[in-house]
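Accompanying notes for the structure given below.
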Amino acid sequence: MYIFWIPCILSFLLASLFFTENKSASCFVDFAKGYLALRLAGIFSHSGLSYLFATAGLLLGQSRPIFRGFKGGSAEVLSLGILTFMSPILGIILLFFFLLLKFLFRDYEDAVFATSFLIPILALKFFKSDAYILMSFFTFGVLIVQFLPPALEKYIKPRFLTRVAFAFLLFFACALFFFNKYVYKGFGVQKDLIRHGPGHFKYVAITFDDGPDPLYTPQILDILKEKDVRATFFLIGKNAQQYPEIAKRITKEGHTIGNHTYSHKSLIPLSAAATRKEIKRGEEAIFKATGIRPTLFRPPRGVYSTYALKFLRQERYTVVLWDVSAMDWAELPPQSIVSNVLRHVRPGSIILFHDSGDIVSFKGGDRTNTVKALPLVIDELKAQGYDFVTVDEMIFLSELMRTEDNGEDSDSQNPAH
Numbered sequence: 003m004y005i006f007w008i009p010c011i012l013s014f015l016l017a018s019l020f021f022t023e024n025k026s027a028s029c030f031v032d033f034a035k036g037y038l039a040l041r042l043a044g045i046f047s048h049s050g051l052s053y054l055f056a057t058a059g060l061l062l063g064q065s066r067p068i069f070r071g072f073k074g075g076s077a078e079v080l081s082l083g084i085l086t087f088m089s090p091i092l093g094i095i096l097l098f099f100f101l102l103l104k105f106l107f108r109d110y111e112d113a114v115f116a117t118s119f120l121i122p123i124l125a126l127k128f129f130k131s132d133a134y135i136l137m138s139f140f141t142f143g144v145l146i147v148q149f150l151p152p153a154l155e156k157y158i159k160p161r162f163l164t165r166v167a168f169a170f171l172l173f174f175a176c177a178l179f180f181f182n183k184y185v186y187k188g189f190g191v192q193k194d195l196i197r198h199g200p201g202h203f204k205y206v207a208i209t210f211d212d213g214p215d216p217l218y219t220p221q222i223l224d225i226l227k228e229k230d231v232r233a234t235f236f237l238i239g240k241n242a243q244q245y246p247e248i249a250k251r252i253t254k255e256g257h258t259i260g261n262h263t264y265s266h267k268s269l270i271p272l273s274a275a276a277t278r279k280e281i282k283r284g285e286e287a288i289f290k291a292t293g294i295r296p297t298l299f300r301p302p303r304g305v306y307s308t309y310a311l312k313f314l315r316q317e318r319y320t321v322v323l324w325d326v327s328a329m330d331w332a333e334l335p336p337q338s339i340v341s342n343v344l345r346h347v348r349p350g351s352i353i354l355f356h357d358s359g360d361i362v363s364f365k366g367g368d369r370t371n372t373v374k375a376l377p378l379v380i381d382e383l384k385a386q387g388y389d390f391v392t393v394d395e396m397i398f399l400s401e402l403m404r405t406e407d408n409g410e411d412s413d414s415q416n417p418a419h
């Protein structure tokens, strides 16, 4: 995750340092900064988070919120460069509407303010990527703060908007920290949960969340078949409903399936009724697609409520987390994914990968790097002497070792005469 601060800092410096007093040249420079910074961020790491961090660096460097309350360099042309990189058609549409509104309003700042409201609307139409949608909303927020008309300042104070913007940035930073430190490494008290297997033997379990996906899950299944490795797939009910043939293929090829809820809603804020519905709908959708009723459950993002655990116990589910995250949800380069796994793996590890899902949503996302990294991880772990099991096999091994340990304790307390 920390590698994404590199495009953020470099973009911040680029936006902060390169200014010109010439108005015509300034438009060209600002547009080039927005467009080229994202182009370079893509070269550094072709991932949504790389673009998102670069956008944050650009807008913060240009508007200078700390010392000038977002009233530093105006960010409208820079934003156009960012949005044009994401979609040239979107950039052209925004420019057209700006010129039209400028002709109607006869005021540059009012035209920018009005045009900015098109950004989130068009972004939801144009983009499926969570990162691109977040980038669009970020640019929209900065432009609203910068170009608030004087007539509205009577009702909405710029200082208030600045504070709201700071609160959003703080929330975003804290959310990223939380995701990196806890969510994708397992979270919670974790009593009565399985996070790893016994460390007596060199076994590991590879798991995948958020599938099935029509593009990446078949590629992953091909790799597992070629490498003769069985894995565990925690399926989203909605995805299994949409792609039943892929869900069925997972079970036919000897892999284990688990329930990952129906629509990947976080269980913490849900009511008891909504929690039951999310879990049982997921179970029924998976059963309908595969003919198998799952007994393993993994909560979305590894977070859960007390009621959810109670209900899952009643339904005789085994709740499975993980102790090693590949961090592939961040669309890291393949070698970084491999390094994350190899650096933290140990006998009994449960390794988390994703075969679908974006930064926020459970569908979409780019899992190309996961597909590239997976065979490298398998080959390296085999070279280190590891064997691969499914999670249910690992649970069996855990119970077996617990039984043997209890037997040894009993023998020591009752020595033979």
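If you want the working numbering, it's the position in the sequence shown, counting the first as 1, plus 2.
Quick reminder that beta carbons are idealized off the backbone N, C-alpha and C, glycines included.
Using only the alpha-carbon positions, how far apart do residue i and residue j sit?
i	j	result
Ile380	Pro200	20 angstroms
Pro301	Leu96	41 angstroms
Ala116	Gly143	13 angstroms
Lys193	Glu228	With a pLDDT of 48 at Lys193, under the threshold of 50, the modelled position of that residue is not reliable, and the figure given next carries that caveat. Answer to the nearest angstrom: the Cα atoms are 37 angstroms apart.
Phe244	Ala153	First, the amino acid is wrong: residue 244 is Gln here, not Phe. Going from the Cα of Gln244 to the Cα of Ala153 covers about 50 angstroms.
Gly50	Leu314	34 angstroms
Phe289	Pro296	7 angstroms
Val191	Leu61	Model confidence at Val191 stands at a pLDDT of 40, short of 50, so the residue's coordinates are unreliable and nothing is read from them.
Ala385	Asp394	24 angstroms
Leu269	Ser89	35 angstroms
Phe69	Gly75	Unreliable placement is indicated for Phe69, whose pLDDT of 47 sits below 50; the coordinate value is still reported in the next sentence. The straight-line gap from Cα to Cα measures roughly 12 angstroms.
Ser13	Asp32	12 angstroms
Leu16	Ala39	8 angstroms
Val322	Asp212	14 angstroms
Gly36	Leu237	39 angstroms
Glu78	Leu85	10 angstroms
Ser265	Lys374	27 angstroms
Tyr218	Asp357	6 angstroms
Leu223	Ser26	55 angstroms
Lys365	Lys204	34 angstroms
Phe30	Val114	17 angstroms
Phe87	Ala328	29 angstroms
Arg345	Thr392	21 angstroms
Gly304	His257	21 angstroms
Ala133	Glu111	28 angstroms
Ile259	Leu150	52 angstroms
Phe139	Pro220	34 angstroms
Starting from residue i, trace the alpha helix (DSSP H) both ways and give me its first and last residue.
i	result
His346	Pro336 to His346
Leu195	Element bounds for Leu195: n/a, residue is neither H nor E.
Tyr309	Thr308 to Gln316
Measure from the alpha carbon of residue i to the alpha carbon of each residue in the options, then state which is nearest.
i	options	result
Arg1	Leu96, Leu217, Glu285 and Phe129	It is not possible to answer for residue 1, since the shown part of the chain is limited to 3 through 419.
Gln148	Ala310, Gln64, Ser307 and Ser47	Gln64
Thr263	Leu120, Phe235, Glu255 and Thr253	Phe235
Val231	Pro220, Pro246, Ile208 and Arg251	Ile208
Tyr309	Pro349, Gly36 and Glu280	Glu280
Gln316	Ser351, Asp32 and Lys282	Lys282
Leu383	Ala276, Val343 and Tyr218	Val343
Leu103	Leu136, Phe119 and Thr86	Phe119
Trp324	Ile397, Ser307 and Ala77	Ile397
Phe46	Ser18, Phe6 and Leu80	Phe6
Gly359	Leu82, Glu333 and Pro349	Glu333
Ile294	Ser341, Lys267, Thr253 and Ser338	Thr253
Thr370	Ser363, Gly239, Ala275 and Pro216	Pro216
Arg197	Val326, Ala125 and Phe140	Val326
Arg41	Ser307, Ile339, Ser28 and Ala56	Ala56
Arg278	Ile11, Leu311 and Ile259	Leu311
Ser52	Leu92, Phe30 and Ile11	Ile11
Ser18	His48, Ser28, Ala34 and Arg66	Arg66
Pro336	Asp109, Thr372 and Pro271	Thr372
Pro271	Ala242, Gly260, Arg251 and Tyr306	Tyr306
Gly387	Val347, Gln221 and Leu376	Val347
Val206	Phe299, Ile352 and Leu136	Ile352
Asp368	Phe98, His202 and Lys130	Lys130
Ala287	Ala274, Pro349 and Pro214	Pro214
Quick one: give me the first and last residue of the beta strand (DSSP E) that residue i is part of.
i	result
Phe6	Here Phe6 belongs to no beta strand (DSSP E), and DSSP marks it neither H nor E.
Leu354	Ile352 to His356
Pop quiz: residue i and residue j are said to be a contact at Cβ under 8 angstroms. What is the actual Cβ separation, rounded to whole angstroms?
i	j	result
Phe210	Phe390	About 13 angstroms separates the two Cβ atoms, so there is no contact after all.
Pro9	Gly83	With 8 angstroms as the limit, Pro9 and Gly83 do not qualify as a contact, their Cβ atoms being about 15 angstroms apart.
Leu378	Val340	5 angstroms
Ala249	Ala291	4 angstroms
Phe299	Asn261	5 angstroms
Leu136	Leu54	6 angstroms
Leu92	Leu124	6 angstroms
Determine, using beta carbons only, whether residue i comes closer than 8 angstroms to chain D.
i	result
Gly75	In summary, chain D is missing from the structure at hand, where a single protein chain is found.
**Request:** Entirely within the stretch 199–286 and at least 4 residues each: give me those alpha helix (DSSP H) ranges in chain order.
**Result:** 218–229, 239–244 and 246–254
**Item:** Within the stretch 356–407, ranges of the beta strand (DSSP E) (whole runs, at least 3 residues)
**Value:** none
**Message:** Extract the residue ranges of the alpha helix (DSSP H) inside the stretch 74–129, only unbroken runs of 4 or more that lie entirely within it.
**Reply:** 78–88, 90–107, 110–118 and 120–128
**Item:** Length-filtered (4 minimum) alpha helix (DSSP H) runs lying within the stretch 127–156
**Value:** 132–148 and 152–155
**Request:** Would you list, in sequence order, the uninterrupted alpha helix (DSSP H) runs of no fewer than 4 residues that lie entirely inside the stretch 14–70?
**Result:** 25–46, 50–65 and 67–70
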